[in-house]
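In what follows, a structure is listed as structure tokens, so that the remarks can point back to it.
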Amino acid sequence: MVTTLRDMAKQIERGMSIALPVDYAGVSMAMTGPIIEHGAGDLHLICVPTGGLQVDQLIGAGLVRTVETSAVSLGEAGGAPRFNDAVKKGSIRVMDATCPAIHAGLMAAQKGSPFLPMRGLIGTDVLRYRTDWRVIDNPFADDPDPIVLIPAIKPDIAIFHAPVADRFGNVWIGRRRELAAMAYASTNTLVTVERIVEESLLLSETTAAGTLPAIYVTSIAEAPKGAWPYGLWGEYPTDTAEILRYARAARTAEGFEGYMQTGLMEPAI
Amino acid sequence: MVTTLRDMAKQIERGMSIALPVDYAGVSMAMTGPIIEHGAGDLHLICVPTGGLQVDQLIGAGLVRTVETSAVSLGEAGGAPRFNDAVKKGSIRVMDATCPAIHAGLMAAQKGSPFLPMRGLIGTDVLRYRTDWRVIDNPFADDPDPIVLIPAIKPDIAIFHAPVADRFGNVWIGRRRELAAMAYASTNTLVTVERIVEESLLLSETTAAGTLPAIYVTSIAEAPKGAWPYGLWGEYPTDTAEILRYARAARTAEGFEGYMQTGLMEPAI
Amino acid sequence: MSAVLPREVLICAIARLLDGVRHVAVGASSPIPAAGAMLLRALKKKAGAPLPRISILGSVEHNFFTNGSAELFDCAGQGRIDAFFLGGGQIDGQGNVNLVGAGDYPGSTVRWPGSFGSAYLYFVVPRVILFREEHTPRVFVDKVDFISAPGVSADGVFRQGGPYALLTGKGLFAFDKEVPGFRLESVHPGHDLDDIRQSTGFEFAHEENPQQTALPDAETLRLLRGDVLDELTETYPAFAEQMRKDHELALKACEVVS
Amino acid sequence: MSAVLPREVLICAIARLLDGVRHVAVGASSPIPAAGAMLLRALKKKAGAPLPRISILGSVEHNFFTNGSAELFDCAGQGRIDAFFLGGGQIDGQGNVNLVGAGDYPGSTVRWPGSFGSAYLYFVVPRVILFREEHTPRVFVDKVDFISAPGVSADGVFRQGGPYALLTGKGLFAFDKEVPGFRLESVHPGHDLDDIRQSTGFEFAHEENPQQTALPDAETLRLLRGDVLDELTETYPAFAEQMRKDHELALKACEVVS
Chain A
1 MVTTLRDMAK QIERGMSIAL PVDYAGVSMA MTGPIIEHGA GDLHLICVPT GGLQVDQLIG
61 AGLVRTVETS AVSLGEAGGA PRFNDAVKKG SIRVMDATCP AIHAGLMAAQ KGSPFLPMRG
121 LIGTDVLRYR TDWRVIDNPF ADDPDPIVLI PAIKPDIAIF HAPVADRFGN VWIGRRRELA
181 AMAYASTNTL VTVERIVEES LLLSETTAAG TLPAIYVTSI AEAPKGAWPY GLWGEYPTDT
241 AEILRYARAA RTAEGFEGYM QTGLMEPAI
Chain B
1001 MVTTLRDMAK QIERGMSIAL PVDYAGVSMA MTGPIIEHGA GDLHLICVPT GGLQVDQLIG
1061 AGLVRTVETS AVSLGEAGGA PRFNDAVKKG SIRVMDATCP AIHAGLMAAQ KGSPFLPMRG
1121 LIGTDVLRYR TDWRVIDNPF ADDPDPIVLI PAIKPDIAIF HAPVADRFGN VWIGRRRELA
1181 AMAYASTNTL VTVERIVEES LLLSETTAAG TLPAIYVTSI AEAPKGAWPY GLWGEYPTDT
1241 AEILRYARAA RTAEGFEGYM QTGLMEPAI
Chain C
2001 MSAVLPREVL ICAIARLLDG VRHVAVGASS PIPAAGAMLL RALKKKAGAP LPRISILGSV
2061 EHNFFTNGSA ELFDCAGQGR IDAFFLGGGQ IDGQGNVNLV GAGDYPGSTV RWPGSFGSAY
2121 LYFVVPRVIL FREEHTPRVF VDKVDFISAP GVSADGVFRQ GGPYALLTGK GLFAFDKEVP
2181 GFRLESVHPG HDLDDIRQST GFEFAHEENP QQTALPDAET LRLLRGDVLD ELTETYPAFA
2241 EQMRKDHELA LKACEVVS
Chain D
3001 MSAVLPREVL ICAIARLLDG VRHVAVGASS PIPAAGAMLL RALKKKAGAP LPRISILGSV
3061 EHNFFTNGSA ELFDCAGQGR IDAFFLGGGQ IDGQGNVNLV GAGDYPGSTV RWPGSFGSAY
3121 LYFVVPRVIL FREEHTPRVF VDKVDFISAP GVSADGVFRQ GGPYALLTGK GLFAFDKEVP
3181 GFRLESVHPG HDLDDIRQST GFEFAHEENP QQTALPDAET LRLLRGDVLD ELTETYPAFA
3241 EQMRKDHELA LKACEVVS
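Chains A, B, C and D are the protein sequences, given in the same order. With the working numbering, the residue at position 44 of the first sequence is 44, and numbering never jumps. With the working numbering, the residue at position 184 of the second sequence is 1184, and numbering never jumps. With the working numbering, the residue at position 23 of the third sequence is 2023, and numbering never jumps. With the working numbering, the residue at position 168 of the fourth sequence is 3168, and numbering never jumps.
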């Protein structure tokens, strides 16, 4: 169960769907390099519910076919340059969603249900272009009441970073329960952590409350500062200067290449 | 926000729907007496997802019109005597469900959705008698694929017992997340706790992970050993002898009356 | 070593029925299924094979869940639970299970607790083992009075799970969903086909001379009475104590005989 | 005390728009809406009235949520969030919001991040305040190129929320869903109707001589520049620092004038 970043990356196969968390929830930036090095492409990324640096870098590296997301941006550092460029060139397909629809799709998978209903969306172009969604008439209403059904999202692999795992494979996710939702919905879950502890996180009710059980975890690997330049709650803040540096560099394909060759995987610890 | 058991009981009005947790999740037995004393009847109980001692006692006290549940029993102490008697006499209406259907109904309310779909159930008499449920054809399937829709369950009030609350109204529920689900779905939530602490449970990420935020909590009251004779995780075990004593006494209406007059609200601390 | 006790026969039968599962969930008040699962794990451990995961609902020690009481059902819906046990106030020859009550619903003459999660789990867990020690025509009826969970479903109904076997105090049946119906696989020591026929309210297939339920070998029995019993003590202390007493009684009986 | 700064006019306008809410949610990168909500809370505290709850998404200090990033949407769906702010790359006269891109979708000539939660929250939060400081015809268009979230919905479509007001760097509009359309409520100091007309790509209703946006009284300004600014510093340090610098500059300018 405990392995290396490189061996974890090898579990990714060409064409797979990969779920990645939102900036502040624990992005495994440490996996970005090994994934690019491994090189399995044609990936379908599912942003839970939005994407940032990691998504932009995987797109820049040419590994991405589709991005299913509610947004991709670098936050304070502005738009995601490789994403925006790829959209303009038409080299990736964007399945534009809205945050609760991504959550609904994962929840459907969590429940073993084929879909989940969701309010809103009627009359939006988000719905108009999502031909994989359906609208039915709410069977519980007396009058016509259209409601959108979101099909289950079942990623092949979920990848995220968390503060702690124990040697049994249990992972402490705290109140970032979207990480659990991703794992429940996904066939396999790869987790990088700041540190691995000896004692089971399930032994104390206090830590158990914020723990994703090992049954949902395929592999874990130690990666100190593994969310950098993103921050990790309770551990370290976001390195905004570094994200700005990336944003500037990645305005061009060449700048992106240069950044990735020199700048990646060097957290300023 | 911090109040007394009696004042909490006064929030219950005749005809309301009340959500109560399963035996091991934190039953506020301390509220049973005050609810009976308050006397608001014609209640619709929703067991999340099954009921026990508290449900049996509220039925015995004549306060219950309907029980929506997946089961009612006293566990090792056998059948629930007042529930079984009321079913036989037809003096209560049972809306027989199955555990995940109760969870699905609460989840629909949590999501602000009118219903949630659920596998299973087709061909059961559970479904046959639940005329408030609907079967549709899964719109995502190529071939006919019937699936059950469970309407949202929106209790007026949820009542449960937990180890700790802080003076801001945040409640520590640990990994008993069905308590959060009940609170999300309910208009008001009344919580008894072993103790109230000064420091906010949200201040530390470790305790925050198992905390139901005050936004979902209407009132809290201190009730040491408030789950007795049920146990409370991490605090005290179930007093099986006392539940057996109740089970024997409550075989008859008179025995039940006697038990309630002398035996209730006297935890052997 | 004393003679094999009836409950040990059941526990060993369960361990065999569970062979190959990755994850089995057991109810909090089901010591015999839990013992069967623990025995299988001990046997796998000895063989150096991958260990099955055992979730015991309501147990703190064996509770791998952290998302409330809905997680078991979610986990099953995700296909992460391979086996589960189901009892029943009534079980009929089609594999239908009744946990609600005898007589006309809703005014049942005998009311049982209710369907619990059966109306869902029976559909999604691949290997549901029906387990009821009491083997009488009262339990094993021709047709249940209330279907909490049906043995089989019509074509086109989503169904990835269902009855796999029926284990009683008298024998072991396999379920054939094509018939649909039960087939007697073996008879426990001390019982015979006639006995089982008279105790069963439904028709079932069987050999002319059904075999006896396999008894555990000495090594398996040693594991069961050693490590497994110790492990069982944590979660089911009363049951484990009773097993120990039964062994002593059986041992004394053997001494008298020999 | 120095003259009222343009951003202070906005903050005070937001505090007024939020009057009466029990719970307002604010985005992590929205210091002006957050300041407006904090000002309202400070005013209510001073008046001894019930305090509004403020959830700032992404903030640890003001994060009342413990169920992951889905909780905001669940909470809104439960009717527990009364007000929310929405920006937009384009906003049109029907209250439609575009957060996706300009030009033909999907090959947008300008791509913005995406719709985030707007396609849901706009439907369920009663008081959505459209807030965009840049007031140009590029933002306020006749018709958005992509509807992330529509201003109004057809009869029979579930809709318990929607646009309540539109606040820009130049003026404040109310939304009338019956028309549907915006109506200019007031013009911020330093701007006039003609200016706003030329900067707005859609038609809107207005008085012949629209009033000026109300300025805060001295007590409100004191609260804003004292307690609220201190509180703001925790979550938006850069913004708070800028506000302090602007005050100093304004103060100096006043000294020069006087």
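Using N, Cα and C, we set each Cβ at its ideal position, and we do this for glycine too. What you are looking at is a predicted structure, and each value in this text was computed from that prediction instead of being measured.
Quick one: grab the DSSP three-state call for residue i.
i	result
D/LEU3251	helix
C/ALA2025	strand
D/ILE3091	strand
A/GLU76	helix
D/PHE3131	strand
B/GLY1105	helix
B/ASP1056	helix
Can you give the Cα-Cα distance for residue i and residue j, rounded to whole angstroms?
i	j	result
A/PRO146	D/ALA3238	45 Å
A/THR192	A/PHE160	6 Å
A/GLU37	A/PRO81	21 Å
D/GLN3211	D/GLY3089	28 Å
C/SER2029	C/SER2153	29 Å
A/PRO21	C/LEU2223	46 Å
C/VAL2124	D/ARG3183	56 Å
C/LEU2221	C/LEU2086	25 Å
C/PRO2137	C/VAL2144	12 Å
A/LEU45	B/GLY1112	28 Å
D/GLU3185	D/THR3213	8 Å
D/THR3235	A/GLY78	19 Å
C/ILE2011	C/ALA2035	6 Å
Give me the residue from the options with the minimum Cα distance to residue i.
i	options	result
B/VAL1002	B/PRO1229, B/TYR1259, B/SER1219	B/SER1219
C/ASP2325	C/PHE2131, C/GLY2117, C/PHE2084, C/ASP2074	Past the boundaries of the shown model lies residue 2325 of chain C; chain C is included only from 2001 to 2258, so the question cannot be answered.
C/ASP2104	B/GLU1194, B/TYR1129, B/PRO1117	B/TYR1129
B/LEU1121	C/ASN2063, C/PRO2052, C/PRO2006, C/GLY2162	C/GLY2162
A/ASP96	D/ALA3253, D/SER3108, D/VAL3125, D/LEU3086	D/SER3108
B/ALA1086	B/PRO1151, B/LEU1058, B/ARG1006	B/LEU1058
D/PHE3038	D/ASP3227, D/ALA3250, D/LEU3251	Here residue 3038 of chain D is Met; the residue named in the question, Phe, does not match the sequence. Cα-wise, what sits closest to D/MET3038 is D/ASP3227.
D/ASP3142	D/PHE3204, D/LYS3252, D/ARG3041, D/GLY3048	D/PHE3204
C/SER2118	B/LEU1116, B/PRO1114, B/LEU1127	B/LEU1127
Give the interface partners of residue i over in chain A, defined as CB-CB distance under 8 Å, in chain order.
i	result
C/GLY2162	The premise fails here: C/GLY2162 is roughly 15 Å from chain A at the closest Cβ pair, so nothing lies under 8 Å.
C/GLY2077	GLN110, LYS111, GLY112, SER113
Name, please, each residue of chain B whose Cβ falls closer than 7 Å to the Cβ of residue i.
i	result
A/LEU149	PRO1139
Find the residues of chain B that neighbour residue i, judging by a C-beta separation of less than 9 Å, and give them in chain order.
i	result
D/HIS3023	ILE1215
I want to verify the contact list: residues of chain D whose CB lies under 7 Å from the CB of residue i, in sequence order.
i	result
A/ILE122	SER3153, VAL3157
A/GLU76	SER3029
Count the other C-beta atoms from every protein chain shown that fall within 10 angstroms of the C-beta of residue i, then say buried if there are 16 or more, exposed otherwise.
i	result
D/ASP3074	buried
A/GLU194	buried
A/VAL135	exposed
D/GLN3198	exposed
D/ASN3209	exposed
A/GLN54	buried
So which residues on chain C does residue i lean against when the C-beta distance must stay under 7 Å?
i	result
A/ALA208	THR2066
A/TYR184	ASP2074, GLN2078
What does residue i reach in chain D if we use C-beta pairs closer than 8 Å?
i	result
A/GLY79	ARG3111, TRP3112, PRO3113
A/VAL87	GLY3101, PRO3106, GLY3107, SER3108, ARG3111
Please compile the residues from chain B whose C-beta is within a distance smaller than 8 Å of the C-beta of residue i.
i	result
A/LEU116	LYS1111, SER1113, LEU1116, PRO1117
A/ILE136	ILE1136, PRO1139
D/ARG3053	ILE1215
List, in chain order, every chain D residue whose beta-carbon is nearer than 9 Å to that of residue i.
i	result
B/ALA1180	THR3066, ASN3067
B/THR986	As shown, chain B starts at 1001 and ends at 1269. That puts residue 986 of chain B outside it, with no answer to give.
Would residue i count as contacting chain F if we go by Cβ distances under 8 Å?
i	result
C/SER2199	Among the chains of the structure shown, chain F does not appear; the protein chains present are A, B, C and D.
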